[in-house]
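**Q** Taking my numbering, I'd label the letters of the sequence shown as residues 23 to 816.
Below: one structure in structure tokens.
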Amino acid sequence: MISSYFLLAIRTFLRNKIPFIINLLGMSIALGCCITAYINYQHSAGYDEQQENASNLYRIGFWQKNEEGQTPYGVCPMPVGNLIRESLGEGEKVIQYISKGGQFRIGDEMFQRQFVYADPDFTEVFSINLISGSLSLQNKNHILISDKLAKTYYGNENALGKPLTQIISGEPREFEVGGVYEAFPSNSSFRFDLLTTFDNYFIDVGEQSLVENDWSKWATTFLYLKDNATIASLTKQLEQYIAPQNDARKDLQANAYYIEPFIGMSSRALKERNQGHWLNMPMPTAAVIAPFTMAAFLLLVACFNYMNNSIAIAGSRLKEIGIRKVIGGRRKELIVQFLSETMIFCFVSLLLALLLAEYFTEGWNYMWNGLDLNIVYKDNMSMFLVLALLLLFTSLIAGGYSAFYISSFKPIHVLRGNTTMRGGNMLTKSLLVFQFSISLAAVIFALAFYHNAKFQKAYDLGYSYQSVIQVPLDNPQQFELLRNELSGSRLIQNVGGTEDHIYNNSYKAAARYGNMDDTEVDMLNVGDGYFKTLNVRLIKGRSFEKESQSDIEESIVVNEEFVRVLGLGEDALDKRITLNDTTHVYIKGIVKDVYMRALFQPLTPLVFRYVPVDNYKYLVASTSPEQLVETNVEIKAAWQQLFPNMLYTGKLMEERMVMVREHFDSVVILYTFLGLVAIVMSISGLYSLVSLNLQKRSKEFGIRKIIGASLPHMTYQASKLFITTMLISFVIGSLLGSVMVNGLMSSVWEYYEAINSTVIGLAITILSVIAISTIGYKIFKVTVANPVEFLRQD
23 MISSYFLLAI
33 RTFLRNKIPF
43 IINLLGMSIA
53 LGCCITAYIN
63 YQHSAGYDEQ
73 QENASNLYRI
83 GFWQKNEEGQ
93 TPYGVCPMPV
103 GNLIRESLGE
113 GEKVIQYISK
123 GGQFRIGDEM
133 FQRQFVYADP
143 DFTEVFSINL
153 ISGSLSLQNK
163 NHILISDKLA
173 KTYYGNENAL
183 GKPLTQIISG
193 EPREFEVGGV
203 YEAFPSNSSF
213 RFDLLTTFDN
223 YFIDVGEQSL
233 VENDWSKWAT
243 TFLYLKDNAT
253 IASLTKQLEQ
263 YIAPQNDARK
273 DLQANAYYIE
283 PFIGMSSRAL
293 KERNQGHWLN
303 MPMPTAAVIA
313 PFTMAAFLLL
323 VACFNYMNNS
333 IAIAGSRLKE
343 IGIRKVIGGR
353 RKELIVQFLS
363 ETMIFCFVSL
373 LLALLLAEYF
383 TEGWNYMWNG
393 LDLNIVYKDN
403 MSMFLVLALL
413 LLFTSLIAGG
423 YSAFYISSFK
433 PIHVLRGNTT
443 MRGGNMLTKS
453 LLVFQFSISL
463 AAVIFALAFY
473 HNAKFQKAYD
483 LGYSYQSVIQ
493 VPLDNPQQFE
503 LLRNELSGSR
513 LIQNVGGTED
523 HIYNNSYKAA
533 ARYGNMDDTE
543 VDMLNVGDGY
553 FKTLNVRLIK
563 GRSFEKESQS
573 DIEESIVVNE
583 EFVRVLGLGE
593 DALDKRITLN
603 DTTHVYIKGI
613 VKDVYMRALF
623 QPLTPLVFRY
633 VPVDNYKYLV
643 ASTSPEQLVE
653 TNVEIKAAWQ
663 QLFPNMLYTG
673 KLMEERMVMV
683 REHFDSVVIL
693 YTFLGLVAIV
703 MSISGLYSLV
713 SLNLQKRSKE
723 FGIRKIIGAS
733 LPHMTYQASK
743 LFITTMLISF
753 VIGSLLGSVM
763 VNGLMSSVWE
773 YYEAINSTVI
783 GLAITILSVI
793 AISTIGYKIF
803 KVTVANPVEF
813 LRQD
């Protein structure tokens with residue numbers, strides 16, 4: 023019985039090769055997207071699940087109160103860790119953790135990686151898979167490295183005991199590899215490649231004592247607690263440390279400490295925009311939900327498309343159905359047969375989908391920096407359960423209606439030729455409306471993101487990041503040496519120095535004018551040539567005067583938003599502003615609005631302060647966008663000549679923005695691909711409905727032609743059903759696409775180009791042209807055919 027069902031299914035598929043191939047590809051792509059969406063969800067849901075002690079782990083942070091509420095910082099002052107150790111019970115621990123970029127050398131190769139300094143208890147309470155050696159952090163001369171790093175720089179050699187050199191301001195610091203651990207997965211809060219004891223963060227004992235008692239220095243501080251009842255008493259104890267922290271950091275006032283569970287910590291940090299989360303973060307919620315939504319819609323389109331095609335193909339199998347019923351075939355057997363055919367089709371589609379999903383996950387990884395999705399079958403029962411549910415769901419949705427509908431025909435009517443397939447019933451029309459609505463929504467997604475990409479690329483952020491190279495400095499002396507070396511370059515237009523840098527690092531302060539309430543502002547300490555190099559445009563007043571002591575002590579330059587928010591009016595120049603309650607400064611210049619965080623967060627009031635060369639941490643150089651790469655190569659060569667023992671870490675300022683745009687462009691490609699797939703399946707379903715409808719009305723068209731109906735009239739009669747269907751689809755699809763696009767964009771960006779009539783109109787035009795071109799030929803054949811051919815049919 024099963025073999026006969028299989029043979030019947032193969033015969034049916036071979037007789038209808040084109041519809042079968044279209045449906046197979048559509049269903050496979052839809053199932054592949056569903057599998058990828060599930061892997062993406064599984065990756066996000068399993069964030070930090072490798073930490074076996076997660077339920078006993080916590081982090082200390084503090085809240086900063088501001089105009090918009092409270093902002094969390096996932097760090098606390100250095101002294102806090104040592105002060106609360108005495109309050110912990112037996113077996114409970116405090117672990118301080120600092121991660122920073124470091125330069126290293128293995129043999130002749132230099133590289134830069136994140137280097138973590140942690141208390142020795144870190145490797146005891148956090149789960150790290152040891153590959154070789156030891157995880158002990160007791161020996162200050164030892165360093166632990168990931169297996170990825172070991173393979174990259176030591177190859178197949180055993181890395182244990184091998185030397186590894188850290189470069190600090192050009193000076194070497196020697197380590198020995200004491201252990202190799204398995205690199206953390208991409209869904210972990212930790213992503214570092216090198217780890218050593220916390221004591222190595224300090225150059226000497228004197229510095230360690232000084233820093234560990236400095237309330238202005240921060241570290242991530244974890245707690246390992248056996249009893250969470252301890253949290254209440256610890257939180258109470260932490261209250262007494264707010265005052266010393268605020269005294270040390272006038273620019274950032276805390277109003278309360280908090281102790282949060284490690285479980286869900288990274289997700290909360292993303293949602294709450296934690297300003298001190300110095301760990302890895304999960305993907306945005308929208309990036310987890312959106313693939314599921316699109317995959318589900320695409321799967322339904324594929325199922326409905328198969329359903330419509332099944333009903334259309336059944337028209338050629340009516341006599342087979344009638345004969346089987348006459349010779350004793352029961353309806354139940356026919357239902358099983360048609361469902362079996364659908365299940366075989368869905369099973370083949372699922373096998374192809376598993377292959378496609380490998381490529382889809384690769385593409386998804388490419389879209390998100392640091393993501394490493396992999397389809398794992400071993401010890402992944404949930405994956406097999408999902409595959410089984412997908413197979414069952416698609417088989418029932420795609421084949422259920424057609425199986426019950428086709429098997430309901432009366433054999434006597436079938437054999438007499440009185441049974442015809444209904445090509446325009448409410449269900450098939452509703453399915454087609456759904457298909458085209460989803461297709462239109464997908465096209466709107468692609469076009470909207472494309473237009474928004476153009477909008478954001480052209481948006482004036484208040485500075486010219488497209489032509490700037492930034493070079494981090496280990497010490498201020500490097501600035502003078504490098505600037506002098508580059509002074510004769512024909513490529514470099516301007517050179518500047520700065521302590522802080524737009525879109526890289528800044529700090530907060532409380533600003534007040536007169537008796538008004540304090541306003542939180544962003545602060546940037548900049549030096550000579552910074553404004554000119556970054557093309558920060560002055561619109562009123564003056565810039566800082568070179569080496570002016572008065573400018574260092576009491577002058578500021580602000581952006582337009584600062585003037586608006588503090589209500590300074592047209593005569594803002596020379597007005598006195600109080601910073602952090604104690605520092606009085608005067609506005610000497612106003613620049614065009616500078617968006618500190620690109621377009622992801624709202625424009626903020628911004629204050630520039632002037633600092634001398636001794637404070638510089640960056641050299642910035644500008645050139646023409648066309649010569650940016652060539653200029654970076656020249657600066658690198660100058661750096662290597664001046665500082666041969668140090669790695670050049672300069673980069674194009676637009677690199678971070680380029681990364682954002684690459685993700686953005688990838689999203690455009692993604693939705694364009696999904697839109698094309700949805701369109702192909704929708705057009706296939708429309709073609710099937712057209713064929714059924716015209717087949718049912720063939721005699722009607724023959725009679726109309728005989729009595730003299732004109733060609734335009736015949737064309738209208740043949741197409742009005744589909745015109746109505748398309749119009750309804752356009753309304754629903756436009757609303758669906760607009761709501762979804764605006765919702766997704768608003769969850770990512772503060773400034774974006776919302777859906778407009780141009781995007782919707784273009785999407786409708788594209789879909790209309792494709793649909794009309796596809797079905798026009800079929801309608802044309804009917805309207806110009808000889809009416810005698812129709813009237814001869816029984």
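We put the beta carbon where it would ideally sit given N, CA and C, even for glycine.
To the nearest angstrom, how far is it from the Cα of Tyr139 to the Cα of Ser371?
**A** Distance from the CA atom of Tyr139 to the CA atom of Ser371, rounded to whole angstroms, is 50 Å.
**Q** Who are the Cβ neighbours of Met681 in its own chain at under 8 Å, not counting the five residues just before and after it?
**A** Because the pLDDT at Met681 is just 47, under 50, the model does not fix this residue reliably, and the value given afterwards should be weighed accordingly. If we look at Met681 and ignore the five residues flanking it on each side, its Cβ neighbours are Asn391.
**Q** Whole angstroms is fine: what's the gap from Ile788's alpha carbon to Leu320's?
**A** 19 Å
**Q** Have a look at Val199, Asp596, Lys173 and Tyr175 and flag the residue whose alpha-carbon is nearest the alpha-carbon of Pro185.
**A** Val199
**Q** Could you tell me which residues DSSP pairs with Gln125 in its beta bridges?
**A** Gln134 and Ile189
**Q** For the candidate residues Leu418, Ala312 and Ala379, whose alpha-carbon lies nearest to that of Ile357?
**A** Leu418
**Q** Cβ of Ala317 within 9 Å of Cβ of Gly103?
**A** no
**Q** Between which two residues does the beta strand (DSSP E) holding Lys288 run?
**A** Correcting the residue type first, residue 288 is Ser in the shown sequence and not Lys. Per DSSP, Ser288 lies in no beta strand (DSSP E) segment; the continuous alpha helix (DSSP H) that holds it begins and ends at Met287 to Glu294.
**Q** How would you write the range of the beta strand (DSSP E) that Met303 sits in, first residue to last?
**A** In the DSSP assignment, Met303 falls outside any beta strand (DSSP E) and carries neither an H nor an E.
**Q** So Leu556 packs on Tyr485, CB below 8 Å; how close in whole Å?
**A** 4 Å
**Q** To the nearest whole angstrom, what separates the beta carbons of Phe84 and Ala309, a pair I think is in contact under 8 Å?
**A** So it is not a contact: roughly 29 Å between Cβ atoms.
**Q** Relative to the alpha-carbon of Thr93, which residue among Phe471, Leu166, Asn75 and Leu274 has its alpha-carbon at the smallest distance?
**A** Leu274
**Q** In whole angstroms, give me the CA-to-CA distance for Leu301 and Phe212.
**A** So the alpha carbons of these two residues sit roughly 6 Å apart.
**Q** Grab the span of the beta strand (DSSP E) containing Gly91 for me, first residue to last.
**A** Gly91 to Tyr95
**Q** Suppose the cutoff is 6 Å on Cβ atoms and the five residues either side in sequence are ignored; what does the same chain contact list for Ser565 look like?
**A** Phe553 and Gly611
**Q** What residue range is occupied by the uninterrupted beta strand (DSSP E) comprising Asn821?
**A** Outside the displayed range of the chain (23 to 816) lies residue 821, so it cannot be described from this structure.
**Q** What does the Cβ neighbour count give for Asp394, buried or exposed, with the cut at 16 atoms within 10 Å?
**A** For Asp394, the number of other beta carbons within 10 angstroms of its own is below 16, and it is reported as exposed.
**Q** Comparing alpha-carbon positions, which option in Phe42, Ala52 and Ile57 lies nearest Phe406?
**A** If you compare the alpha carbons of Phe42, Ala52 and Ile57 with that of Phe406, the shortest gap goes to Ile57.
**Q** Measuring only the C-alpha atoms, how far is Asp550 from Asp636?
**A** Whole-angstrom Cα-Cα distance: 12 Å.
**Q** When DSSP labels each residue in this structure, what does Ile524 get in the three-state scheme?
**A** coil
**Q** Pull the bridge partners of His65 from the DSSP assignment, please.
**A** None; His65 has no bridge partner.
**Q** Which complete beta strand (DSSP E) runs does the region 213-245 hold, if anything under 3 residues is left out?
**A** Fully enclosed beta strand (DSSP E) runs of 3 or longer: 216-219.
**Q** Is the region 770-777 touching the region 472-491 in the sense that three or more CB pairs, one from each, lie closer than 8 Å?
**A** Counting Cβ pairs under 8 Å, three or more are found: they touch.
**Q** Answer with buried or exposed for His606, where buried requires no fewer than 16 other C-beta atoms within 10 angstroms of its C-beta.
**A** Exposure of His606 is indicated by the presence of fewer than 16 other C-beta atoms within 10 angstroms of its C-beta.
**Q** For the candidate residues Tyr223, Ala172 and Phe148, whose alpha-carbon lies nearest to that of Asn163?
**A** Tyr223
**Q** Evaluate Tyr381 with the Cβ neighbour count: other Cβ atoms within 10 Å of its Cβ, from every protein chain shown; 16 or more gives buried, anything less gives exposed.
**A** exposed
**Q** State buried or exposed for Gln125, treating a residue as buried only when at least 16 other CB atoms are found within 10 Å of its CB.
**A** buried
**Q** Compute the beta-carbon to beta-carbon distance between Asn547 and Arg619, rounded to the nearest angstrom, for a pair I have assumed lies under 8 Å.
**A** Not a contact, Cβ separation roughly 18 Å.
**Q** Do you know offhand how far Asn667's Cα is from Met287's?
**A** 39 Å
**Q** Relative to the C-alpha of Gln359, which residue among Phe369, Asn331 and Gly421 is closest?
**A** The candidate whose alpha carbon is nearest that of Gln359 is Gly421.
**Q** The alpha helix (DSSP H) that contains Gly111, what's its start and end?
**A** Looking at the DSSP string, Gly111 is not in any alpha helix (DSSP H), and its letter there is neither H nor E.
**Q** Report back the beta-carbon spacing between Leu157 and Tyr203 to the nearest angstrom; my notes put them in contact at under 8 Å.
**A** For a cut-off of 8 Å, the C-beta gap from Leu157 to Tyr203 is around 7 Å, short enough to register as a contact.
**Q** To the nearest angstrom, how far is it from the Cα of Ala52 to the Cα of Asp401?
**A** 25 Å
**Q** Among residues of its own chain, excluding the 5 on either side of Ile285, which ones have a beta-carbon nearer than 6 Å to its beta-carbon?
**A** Ala76
**Q** Take the Cβ of Gly759 as the centre, count every other Cβ of all protein chains shown within 10 Å, and call the residue buried at 16 or more, exposed below.
**A** buried
**Q** Can you tell me whether Ile165 is buried or exposed? The criterion is at least 16 other CB atoms within 10 Å of its CB, across all chains shown.
**A** buried
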